[in-house]
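Following the working numbering, the numbering of the sequence shown begins with 241 at its first residue and continues without gaps.
Written below as structure tokens is the structure these notes are about.
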Amino acid sequence: MEIKIKENIENAVKRHRVLSEKLLKETTELVTDPSIVTQLLKRHSPEMAAKHLQEQINGMVLQANDLDKLYNAEVKKNISEAKLAAVPEAVRMFTKPADYQQQISNALAFLTLEGERLTDQAAFAILKPFFNDWEQMHLFERAVLQQMHLENEYMTRSAFPTALGAVLDKADTYTALFGEAEMLAGRLFIRKKEHTSACEIGEFPVYGGYGLDSYDEVAAEERIVELAGLIETLGSDKAFVYDSADFKYGQIYQARHQIGSVSPTDTDAGFVWL
């Protein structure tokens with residue numbers, strides 16, 4: 241099944257950025273343009289002028305937040321639909337026969353009979369009926385690892401590339417791609433917006449300059465677009481598959497584009513109107 245989500249997610253990111261730029265420009269202007277405060281002070285005391293201006297800015301931020309929630313929901317929907325579509329039909333439609341547990345027991349017995357002489361070819365013949373049951377294949381992997389006294393899954397898949405590597409690298413790629421995409425989608429666009437400008441009307445502060453994405457937010461937006469492109473390949477004959485080494489060295493989930501807590505640069509201009 242063809243999977244098309246990259247363009248939709250790119251568009252959601254673009255709309256968010258246009259919205260953020262507009263919000264940043266307008267809420268910065270409200271606290272840096274003297275004429276705006278001058279007009280307010282003609283009708284209100286400094287305290288009420290500050291209150292009205294902050295309420296106006298807060299309302300603009302709330303409206304932007306509502307739109308960002310819609311963009312976030314759109315991205316989540318695309319990821320969710322792609323996750324279902326990306327599972328190979330044979331895996332999705334796999335049903336366990338009535339004697340499935342007996343088949344598993346027989347396969348384990350055959351593996352044990354081979355002992356440490358077990359070859360990739362022999363393991364392939366034994367495990368082939370279970371290739372569409374990814375969960376069970378992971379269990380077989382553990383059994384082979386222990387039987388052959390191998391150090392880890394990477395070494396096991398390297399020793400048994402046909403019987404284990406080809407199937408489980410694909411299964412783990414699916415898990416890793418969607419695990420990271422769902423993690424990013426869960427927080428995309430909806431972090432609390434921080435002010436980057438401020439002014440004081442008399443002794444009353446007003447905060448503006450909302451809308452600037454932090455470095456980690458920008459990285460998350462770029463990464464989810466990249467992931468969307470990789471996910472699209474899962475519906476083709478040239479599906480992306482992580483190299484086993486990516487799993488061996490823990491690059492999936494951990495070292496790949498971690499989402500931290502970098503704050504926007506503090507650019508408060510410190511404008512004061514008396």
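We treat Cβ as the ideally placed atom computed from N, Cα and C, and that holds for glycine.
Listed in chain order, the non-local C-beta contacts of G469 below 7 Å within the same chain comprise K246, local neighbours out to five positions each way being set aside. The Cβ-Cβ distance between N318 and N251 does not fall below 7 Å. For P337, same chain residues with a beta-carbon under 8 Å away, outside a window of 5 residues either side, are Q343 in chain order. Assignment of alpha helix (DSSP H) within the stretch 368 to 454, counting only whole runs of 4 or more residues, yields 374 to 387, 393 to 399 and 406 to 425 in chain order.
Between I441 and A322, the C-beta gap is not smaller than 7 Å, which leaves the two residues out of contact.
Here the alpha carbon of I276 sits roughly 17 Å from the alpha carbon of E443.
Between K291 and M423, the alpha-carbon positions lie close to 38 Å from each other.
In summary, L324 is exposed, with fewer than 16 beta-carbon neighbours lying within 10 Å of its beta-carbon over all protein chains present. Under the three-state reduction of DSSP, A479 is assigned to coil, being neither helix nor strand.
Taken through DSSP and simplified to helix, strand or coil, S275 comes out as helix. For V327, the three-state secondary structure derived from DSSP is coil. Taking 7 Å as the cut-off, the Cβ atoms of I430 and N312 count as close. Taken atom to atom, the span from the alpha-carbon of L417 to that of Q296 is near 41 Å.
In this structure, the beta-carbon distance from L474 to A304 does not fall below 7 Å.
Between V258 and L428, the C-beta gap is not smaller than 7 Å, which leaves the two residues out of contact. Annotation for A349: the continuous alpha helix (DSSP H) segment containing it runs Y340 to E354. A Cβ-Cβ contact shorter than 7 Å links G448 with T267. By the neighbour-count criterion, in which a residue is buried when 16 or more other Cβ atoms sit within 10 angstroms of its Cβ, E375 is exposed.
In chain order, F444 place their CB closer than 6 Å to the CB of E287, counting only its own chain and leaving out the 5 sequence neighbours on each side. Rounded to the nearest whole angstrom, the C-alpha separation of K282 and A438 is 21 Å. Under the criterion of beta carbons closer than 8 Å, A383 and L348 qualify as touching, at roughly 6 Å. T272 and A460 have their C-alpha atoms roughly 30 Å apart.
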